[in-house]
Amino acid sequence: MASPRVMSGIRVTGPLHIGNYWGAFRNWLSLQKDYECYFGVMDWHGMTTAYRKSEEIAPWTREMYAEILAWGLDPEKNTVFVQSQVHEHIELFMIFANLTPMGWLERVTTWKDAEEEAKQNDTHNLGRFAYPVLQSADIAIYRGEKVPVGQDQVAHLEISREIIRRFNNVYKAKLPEPQALLTNVPSLPGLDGRKMSKSYGNTLLLTEPDEKTLRKKVNMMLTDPQRARRENPGNPEICPVYSYHKLYSSAEDVEWAATGCRTAGIGCGDCKGRLAQNIENLTKEPREQKKALLADSKKLQGLMDVGNEKARKEARKTLEIVRSCMKW
Ligand code: SF4
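When we follow the numbering used here, the leftmost residue of the sequence shown carries the number 8, and every step to the right adds one.
As structure tokens, then:
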């Protein structure tokens with residue numbers, strides 16, 4: 008029996024940071040073993056907020072594509088595409104836009120939460136407002152059956168299910184209503200202990216340009232403020248460095264950091280140094296592979312072309328089904 012089809016995408020907003028990795032991309036690497044997967048580099052979604060920096064979208068897209076392959080996403084086993092290069096996404100978006108009541112979008116909590124910020128930074132626009140409609144088209148265009156999401160995103164998927172259900176009801180169609188594939192998303196603070204966000208400038212990139220930059224950023228990290236001196240015991244549970252150890256370090260190193268912190272057996276410099284080394288061990292090879300891929304633009308373009316064409320083929324099939332149901 009064929010495995011269910013998974014669809015997932017990452018919005019293009021600049022280089023991937025470790026929040027993207029632990030929140031979404033790491034799951035892709037395991038899902039590819041068990042499912043038929045469509046993975047998208049979502050540049051249209053990036054454009055909704057970065058439309059004034061449109062010249063940055065193409066280099067960011069290439070970088071993200073190179074990065075996800077460098078980390079082990081298999082472009083032969085999966086379909087890895089660039090959203091804007093598969094025009095069928097937008098065609099299905101328009102079809103869905105016509106049958107999506109405005110009220111559904113007005114009720115989306117992420118929109119309500121982001122509205123003030125959107126007004127302030129000039130992104131209070133139709134594209135951003137209609138984001139869930141495009142997201143529904145992104146899934147349905149590949150007849151996606153499973154969408155990996157964290158528990159806090161299940162509600163976001165619900166509107167896609169409603170839009171697709173409405174299409175099916177109106178046109179007597181049978182597009183799959185996507186199911187959530189629940190994934191574990193660890194909470195990860197930014198370098199300064201606040202929520203990780205590009206706008207706070209507190210992110211660690213998935214692959215920093217080099218080891219020196221990585222160490223510099225880890226050294227800047229906030230620690231337990233009560234541990235002002237080396238001889239003061241600390242509380243690792245409130246320290247972002249320790250949160251990162253739990254993700255990047257071996258069980259022995261996590262224990263070493265926790266005990267050393269509580270007993271003042273280690274200093275914060277030692278603790279950060281060990282963390283930086285563990286991150287470096289994990290990221291060194293993908294960083295080099297990403298660089299090599301970006302340096303060979305012909306090879307990278309070739310891989311993107313093949314992925315986009317594979318995606319288009321499936322997307323065209325869906326549109327044929329859609330138009331036939333619509334008798335259009
Ligand atoms: S020793 Fe490590 S866990 Fe403890 S406060 Fe310093 S950096 Fe944080």
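Ideal placement from N, C-alpha and C gives every residue a C-beta, glycine not left out.
Quick caveat, the model's predicted, so the values are computed rather than measured.
For the beta strand (DSSP E) containing residue i, name the first residue and the last one.
i	result
Tyr45	Glu43 to Met49
DSSP puts residue i in a beta bridge; with which residues?
i	result
Ala187	Val154
Pro196	Lys202
Arg135	Paired residues: none, contrary to the question.
Arg18	Met49
Within this structure, are the beta carbons of residue i and residue j separated by less than 8 Å?
i	j	result
Thr117	Val156	no
Phe136	Leu112	yes
Ala73	Leu300	yes
Ser57	Thr20	Inspection of the sequence shows that residue 57 is occupied by Ala rather than by Ser. Contact: yes.
Ala322	Tyr149	yes
Val115	Ile64	no
Val93	Arg319	yes
Gly30	Val192	yes
Trp67	Gly53	yes
Asn209	Arg201	yes
Thr214	Lys297	yes
Lys153	Leu188	yes
Arg168	Glu184	yes
Arg237	Ala271	yes
Leu164	Gly26	no
Asp50	Gln90	yes
Phe103	Leu80	no
Met71	Val48	yes
Lys342	Val225	In the structure as shown, the chain starts at 8 and stops at 335, and residue 342 therefore has no counterpart that could be examined.
Trp78	Pro247	no
Met227	Leu198	yes
Asn285	Asp260	yes
Gln39	Asn105	no
Ile97	Phe32	no
Arg18	Gly151	no
Ala125	Thr325	no
Ser256	Leu229	no
Ile171	Ser204	no
Could you give the DSSP three-state label for residue i: helix, strand or coil?
i	result
Val313	helix
Val13	strand
Arg237	coil
His252	helix
His24	strand
Arg269	helix
Arg114	coil
Asn128	coil
Asp303	coil
Ser257	coil
Trp263	helix
Ile148	coil
Lys181	coil
Lys40	helix
Lys291	helix
Lys119	helix
Lys334	coil
Starting from residue i, trace the alpha helix (DSSP H) both ways and give me its first and last residue.
i	result
Gln210	Going by the sequence as given, residue 210 is Thr instead of Gln. Note, Thr210: premise wrong, no alpha helix (DSSP H); not H, not E.
Thr230	Where Thr230 is concerned, there is no enclosing alpha helix (DSSP H), given that its DSSP letter is neither H nor E.
Phe32	Neither: Phe32 is in no alpha helix (DSSP H) and is coded neither H nor E.
Asn176	Val161 to Tyr178
Gly274	Gly274 -> no alpha helix (DSSP H), and no H or E assigned at all.
Glu244	Where Glu244 is concerned, there is no enclosing alpha helix (DSSP H), given that its DSSP letter is neither H nor E.
Leu221	Glu218 to Asn226
Taking only beta-carbon atoms, is residue i less than 8 Å away from chain B?
i	result
Gly21	The structure shown has no chain B; it contains just one protein chain.
Of all the beta strand (DSSP E) runs that stay within the bounds of the region 60-107, which reach a length of 3 or more residues? 86-89
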